[in-house]
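Q: In the working numbering, the protein residues as written are 12 to 88. Ideal Cβ placement from N, Cα and C applies to all residues, glycine included. No experiment lies behind these values; they were computed from the predicted model shown. The structure follows.
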């Protein structure tokens, strides 16, 4: 992987939790790029979607829309 390629990239990621009409949007249009050697921080109040974002990044969950790439690959594969 080229040095300037991001190790993590989220592009227009959307994620809702719940079922049917009671679905609650948690992430809406999230874009995030993290590069090797850089310090990247997710900061926000309770319920802001930090844990949901990390779950998407390590493949524990999948977005409703958008893409997640870790070292250029889908973490779910």
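Have a look at residue 33 and residue 88 and give me their C-alpha separation to the nearest angstrom.
A: For this step, residue 33 is matched to residue 22 along the chain shown. For this step, residue 88 is matched to residue 77 along the chain shown. Looking at the two C-alpha atoms, the distance is approximately 30 angstroms.
Q: Which runs of the beta strand (DSSP E), 3 residues or longer, sit entirely within the segment 22 to 64?
A: For the segment 22 to 64, whole beta strand (DSSP E) runs of length 3 or above, ordered along the chain, are 35 to 46.
Q: Candidates 23, 44, 57, 69: which alpha carbon is nearest residue 16's?
A: In the chain shown, the residue the question calls residue 16 occupies position 5. It is 44 whose Cα lies nearest to the Cα of residue 16.
Q: Closest to residue 35 by C-alpha separation, out of 27, 41, 71, would be which residue?
A: The residue given as residue 35 occupies position 24 in the chain shown. Of the candidates 27, 41, 71, the one whose C-alpha sits nearest the C-alpha of residue 35 is 27.
Q: In terms of residue numbering, what span does the beta strand (DSSP E) encompassing residue 77 cover?
A: As a first step, residue 77 must be located in the chain shown, where it is residue number 66. That run of the beta strand (DSSP E) goes 76 to 81.
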